[in-house]
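Residue numbers (full-length UniProt numbering): 1 to 129.
Structure below.
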């Protein structure tokens with residue numbers, strides 16, 4: 001396999017089986033992430049959550065509308081979870097990406113994607129190599 005194909009397959013596998021591989025309840029219809037462009041003053045965790053976790057969350061929840069608002073003047077780092085029953089807001093400032101993910105899972109009652117589902121997807125898409 002060519003190097004570029006290997007890299008693409010690795011990236012797809014990271015999204016498919018990555019740390020954000022969980023399904024959200026159907027009453028959650030959107031996420032809005034607010035953070036600054038710069039990492040200083042507690043915005044590194046939200047940026048890592050955005051880069052490492054959100055691609056998998058988006059992949060396993062295609063109906064989910066995700067909006068990222070980055071600003072030069074943003075003081076707060078927060079995540080709004082839009083539900084039918086009302087919005088939930090998580091403060092992410094000065095938190096590690098893993099802690100943000102744990103709190104996100106707790107508040108949303110997300111369920112991890114099972115190995116059967118992952119294997120089924122791999123078989124369908126011929127990602128086995």
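Beta carbons are placed, not taken as given, at the ideal position from N, Cα and C, and that holds for glycine.
Q) What do you get for residue 43, buried or exposed, if any count of 16 or more other CB atoms within 10 angstroms of its CB means buried? A) buried
Q. How long is the line joining the alpha carbons of residue 63 and residue 54, rounded to whole angstroms?
A. 14 Å
Q) What number of angstroms, rounded off, separates the C-alpha of residue 47 from the C-alpha of residue 2? A) 31 Å
Q. For residue 71, which three-state DSSP category applies?
A. strand
(Q) Restricting to Cα atoms, I'd like to know which of 36, 105, 77 is closest to residue 71. (A) 36
Q | Distance CB(residue 19)-CB(residue 101) smaller than 8 Å | A | yes
Q: Would you decide whether residue 21 is buried or exposed? Buried here means 16 or more other CB atoms lie within 10 Å of its CB.
A: buried
Q: State buried or exposed for residue 13, treating a residue as buried only when at least 16 other CB atoms are found within 10 Å of its CB.
A: exposed
Q. From what residue to what residue does the alpha helix (DSSP H) around residue 97 run?
A. 97 to 108
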